[in-house]
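Numbering (full-length UniProt numbering), first residue to last: 1 to 368.
Quick notes on the structure that follows.
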């Protein structure tokens, strides 16, 4: 656990990156929390980081963080903002302007605005690590680690956790991107994203939707209740995997769901009480949705299939209960995707708490 002294604050350059290494493969989760807020992310391994990113934030109080992984990395950020300007290192920048910075290992470059940064482009001379989110959006804050454009896909299925609704942000990385989406049988709509970095927010509410594009896209869902408590989750594209997947449920939440999209009969272990599982196979998706509720907190789950190869996507969504005006209610939420691999090296932004999990039940013995 790290204290608030390592938290990245303001819109400026600092040196607060954290590297986690181990002699075994790890899954690394970051959890940020305070009394009335919660956020979480799954850290991407260094070999999955890249040179080109597009930022996704909520429509207010957006912020993003770029972390240096290698020495002498030149970073160029072309801003797309909804406010008239932002300040970085006490210099004012307008919409469409470019910020250039040289990052070394552990350097942290955070940029904050009262508006939306979605569509801002990050290009670097060497791979960097990028986190994005919003501070105090609908009484909570949002965070996730962004995948580089090389990890985007062309086919996604989006679905909310049981009892929640969601908005879907669709981001293009290439010009003239066409996205067809289907949320009910015999109905198909489409959107056109004419520029790289252009996006559209779709109010899918509680619908289960299939999205297919002609160019790679990034899909981000913002899950919430009617009165707030949002969580931002970067959806993994539907992808064939081999072998077993692992996912960890944090003990920072009091209730959690595992939402999976797959074309195979899968086994989630452990199963049984208090967990309960619901399966739905809508005709318009050609895939099945598995929703596993009442997950055990501070528990590792494995996901496997009898098939050698199978397609899967999904995420964990968790909530924390508190008391407001004498009434028990959800006062915070988080979410993070499942992944198809683990790694031995991850680069993190600085939040208050990290949870490190190894698929071989091995805890990292070297943390730098």
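Even glycine gets a Cβ: it sits at the ideal position worked out from N, Cα and C.
Indicate whether the contact test is met: 3 or more Cβ pairs, each with one atom in the region 77-84 and one in the region 18-34, closer than 8 Å.
-> no
Spatial neighbours of residue 220 within its chain, please: CB distance less than 6 Å, with the 5 preceding and 5 following residues excluded, ordered by chain position.
-> The sequence position of residue 220 within the chain shown is 220, counting from 1. Only 56, 169, 234 meet the Cβ criterion.
Check whether residue 310 and residue 254 have beta carbons under 8 Å apart | The sequence position of residue 310 within the chain shown is 310, counting from 1. The sequence position of residue 254 within the chain shown is 254, counting from 1. The answer is no: Cβ separation not under 8 Å.
According to DSSP, what are the bridge partners of residue 100?
-> Start at 1 with the first residue of the chain shown, and residue 100 comes out as number 100. 76.
Can you name the residues that DSSP bridges to residue 234?
-> On the chain shown, residue 234 is found 234 positions in, with the first residue counted as 1. Its beta-bridge partners are 220.
With a threshold of 16 other CB atoms inside 10 Å of the CB of residue 242, please say whether the residue is buried or exposed.
-> In the chain shown, residue 242 corresponds to position 242, counting from 1. The residue in question, residue 242, is exposed, as its Cβ has fewer than 16 Cβ neighbours within 10 Å.
Residue closest to residue 185, alpha-carbon to alpha-carbon, out of 161, 39, 285, 97 | On the chain shown, position 185 is the one that residue 185 refers to. Nearest of 161, 39, 285, 97 to residue 185, Cα basis: 285.
List the endpoints of the continuous beta strand (DSSP E) containing residue 114.
-> Taking the chain shown and counting its residues from 1, the one referred to as residue 114 is at position 114. Element bounds for residue 114: n/a, residue is neither H nor E.
Ignoring anything shorter than 3 residues or poking outside the region 233-290, list the beta strand (DSSP E) runs there in chain order.
-> 239-242, 245-249, 255-262, 266-269, 276-280
Identify which residue in 126, 91, 94 has its Cα closest to the Cα of residue 70.
-> As a working mapping, residue 70 is identified with position 70 in the chain shown. Checked all of 126, 91, 94; the closest Cα to residue 70 is 126.
Three-pair Cβ contact test at 8 Å for the region 40-49 versus the region 115-133 = yes
Identified DSSP bridge partners for residue 383 = Nothing about residue 383 can be read from this structure; the chain reaches only from 1 to 368.
Measure the C-alpha to C-alpha separation of residue 187 and residue 280 and round it to an integer number of angstroms.
-> By one-based count along the chain shown, residue 187 stands at place 187. By one-based count along the chain shown, residue 280 stands at place 280. Cα to Cα, residue 187 sits roughly 19 Å from residue 280.
Cβ-based burial, residue 326 [other Cβ within 10 Å; buried from 16] = Within the chain shown, residue 326 is the residue found at index 326, counting from 1. Answer is exposed; the Cβ neighbour count stays below 16.
Whose C-beta lies closer than 8 Å to the C-beta of residue 116 among residues of the same chain, with five residues either side of it excluded?
-> Along the chain shown, read from residue 1 onward, the residue named residue 116 stands at position 116. Taken in chain order, the residues that qualify are 57, 58, 59, 60, 62, 81, 82.
Give a yes or no on contact between the region 176-185 and the region 298-308, applying the rule of three or more CB pairs nearer than 8 Å.
-> no
Enumerate in chain order the residues of its own chain whose CB-to-CB distance from residue 9 is below 8 Å, with the five nearest sequence positions on each side excluded.
-> Counting from 1 along the chain shown, the entry for residue 9 is found at position 9. If we look at residue 9 and ignore the five residues flanking it on each side, its Cβ neighbours are 110.
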